[in-house]
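In full-length UniProt numbering, the protein residues as written are 1 to 220. All residues carry an ideal CB built from backbone N, CA and C; glycine is no exception.
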Ligand SMILES: C[S@@+](CC[C@H](N)C(=O)[O-])C[C@H]1O[C@@H](n2cnc3c(N)ncnc32)[C@H](O)[C@@H]1O
């Protein structure tokens, strides 16, 4: 007699970002949404942006990325106080290609030029210069990937995205379980602080990629 086989939902592995995007595509399909935006904070060499395009392009009209293209900024006092827990993150870590190189790479691979915006600069300087109204005019934000590692960077991002989110936005926090998973440090701390005053609440969806956690955004 054969033993029933229950296929593990993740094939025994951690859910990959690509498979998460595939599920999000299904979810968007069944949610009756029109085309909207994909926001990404922490573009590095464009791999996650490309994964988003390959899977979500039927639902995304604009891919909008924000990065220094110089790696991490100088550590803030909060980040510096926790370096023992993430010893590999320092100023300049995760420096990839230049903005132009990443742009060329993504356009050559196949993201249409008119759908791609890459905003260069450290968030402290670059985000205040962005007209958020123009971003909301592009359509609802379907997916927002926050992958900028540090408390200080994530804090600036959460404040920035407050008016850009919408009911049902997928908020993907790539660094949620860093700093040994502590709620007192890193992206998780910034997220918890933001939630206290934000007009948005979140529903937990689940973990991805080991370090990351996915949420859906709702009005409080
Ligand atoms: C882990 S990498 C992103 C990886 C990318 N999402 C991927 O999966 O291919 C983190 C990125 O965040 C950027 N970053 C972190 N803090 C930043 C800040 N304060 N301002 C601008 N960029 C920042 C770094 O330059 C780096 O490219």
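Residue i CB to nearest heavy atom of ligand 3 below 7 Å
{"i": "residue 90", "result": "Ligand 3 is not part of the structure shown, which contains ligand 1 as its ligands."}
Continuous beta strand (DSSP E) stretch holding residue i: start and end
{"i": "residue 63", "result": "60-67"}
{"i": "residue 215", "result": "212-219"}
{"i": "residue 171", "result": "170-173"}
Check: residue i C-beta below 7 Å from any heavy atom of ligand 1
{"i": "residue 144", "result": "no"}
{"i": "residue 20", "result": "no"}
{"i": "residue 45", "result": "yes"}
{"i": "residue 149", "result": "yes"}
{"i": "residue 164", "result": "no"}
{"i": "residue 123", "result": "yes"}
{"i": "residue 206", "result": "no"}
{"i": "residue 78", "result": "no"}
{"i": "residue 168", "result": "no"}
{"i": "residue 68", "result": "yes"}
{"i": "residue 94", "result": "yes"}
{"i": "residue 72", "result": "yes"}
{"i": "residue 42", "result": "yes"}
{"i": "residue 48", "result": "yes"}
{"i": "residue 16", "result": "no"}
{"i": "residue 31", "result": "no"}
{"i": "residue 182", "result": "no"}
{"i": "residue 153", "result": "yes"}
The alpha helix (DSSP H) enclosing residue i, as first and last residue numbers
{"i": "residue 142", "result": "From DSSP, residue 142 is part of no alpha helix (DSSP H) but of the beta strand (DSSP E) over 141-146."}
{"i": "residue 26", "result": "17-30"}
{"i": "residue 186", "result": "186-197"}
{"i": "residue 159", "result": "151-161"}
{"i": "residue 201", "result": "Taken as a continuous stretch (DSSP letters only), residue 201 belongs to no alpha helix (DSSP H), being part of the beta strand (DSSP E) at 200-208."}
{"i": "residue 135", "result": "132-136"}
{"i": "residue 124", "result": "123-126"}
Supposed close pair residue i, residue j - CB separation, criterion 8 Å
{"i": "residue 163", "j": "residue 203", "result": "Going by Cβ atoms, the distance from residue 163 to residue 203 rounds to 20 Å, so no, they are not a contact pair."}
{"i": "residue 25", "j": "residue 59", "result": "7 Å"}
{"i": "residue 138", "j": "residue 53", "result": "At roughly 16 Å, the Cβ-Cβ gap does not stay under 8 Å, so residue 138 and residue 53 are not in contact."}
{"i": "residue 107", "j": "residue 45", "result": "That belief does not hold up - the Cβ atoms of residue 107 and residue 45 are roughly 14 Å apart, past 8 Å."}
{"i": "residue 28", "j": "residue 64", "result": "No, residue 28 and residue 64 are not in contact; Cβ-Cβ is about 17 Å, not under 8 Å."}
Contact with chain D by residue i, beta-carbon distance below 8 Å
{"i": "residue 71", "result": "No chain D is present in this structure, which holds just one protein chain."}
- Message: Quick check on the DSSP output: what are the complete alpha helix (DSSP H) runs of length 4 or more inside the stretch 42-119, in order along the chain?
- Response: 47-56, 77-80 and 99-109
- Query: Is there contact between the stretch 176-184 and the stretch 83-92, where contact requires at least three CB pairs shorter than 8 Å?
  - Reply: yes
- Does the stretch 159-172 touch the stretch 207-217, meaning 3 or more C-beta pairs lie closer than 8 Å? yes
- Would the stretch 122-141 and the stretch 101-112 be scored as touching if the rule is three or more Cβ pairs under 8 Å? no
- Query: Should the stretch 142-162 be called in touch with the stretch 66-86, which here means at least 3 C-beta pairs below 8 Å?
  - Reply: yes
- Could you tell me whether the stretch 180-193 touches the stretch 130-143, where touching means 3 or more Cβ pairs closer than 8 Å? The stretch 180-193 vs the stretch 130-143: no contact.
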